[in-house]
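All remarks here apply to the structure that follows.
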Amino acid sequence: MTINKKIDGKKLYAEVIGRVDTMTVAEAESSMKGSLDGITELVLDFKKLDYISSAGLRWMLSMQKAMNKQGSMKVINVNDIVMEIFEVTGFSEILTIE
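Everything in the sequence shown is counted per this note's numbering, starting at 9 for the first residue and increasing by one.
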């Protein structure tokens with residue numbers, strides 16, 4: 009799992025590549041820790057995300073909660089496999105997905 013980040017003013021663009029699961033979620037948390045300071049818009053690009061587990065969903069929920077306090081978060085380029093996970097878990101109702 010890799011997260012490539014780009015900051016443009018108060019906007020953080022994060023491309024998530026690979027899998028976010030119990031084996032990689034600590035790395036995802038570490039990669040994003042402190043990155044949200046001063047950010048008002050978070051964009052997660054899941055074009056190259058192959059899979060997300062319940063551990064990854066908890067990570068996303070924590071970022072959503074943080075961003076609700078300081079701005080907004082959206083998820084873009086979600087593939088069919090990940091979208092099905094979002095739909096089954098109800099995350100498609102709480103996330104902004106484009």
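Glycine included, each C-beta is placed from N, C-alpha and C at the ideal position.
query, result
"Ordered along the chain, which non-local residues of its own chain (more than five positions away) have a Cβ less than 6 Å from that of F125?", "Since the first residue shown for the chain is 9 and the last is 106, residue 125 is missing from the structure and cannot be characterised."
"According to DSSP, is E49 helix, strand or coil?", "strand"
"Could you pull out every residue in the same chain whose Cβ sits closer than 8 Å to the Cβ of N12, ignoring the five residues on either side in sequence?", "A22, E23 and I25"
"Go ahead and pull the three-state DSSP assignment for E23.", "strand"
"For the segment 60-68 against the segment 44-51, are there 3 or more C-beta pairs whose distance is under 8 Å?", "no"
"Using 10 angstroms around the beta-carbon of D2, count the other beta-carbons present and answer buried if the total reaches 16, otherwise exposed.", "The requested residue 2 is not part of the displayed model; the chain covers only 9 to 106."
"What is the rounded straight-line gap between the Cα of T32 and the Cα of S38?", "10 Å"
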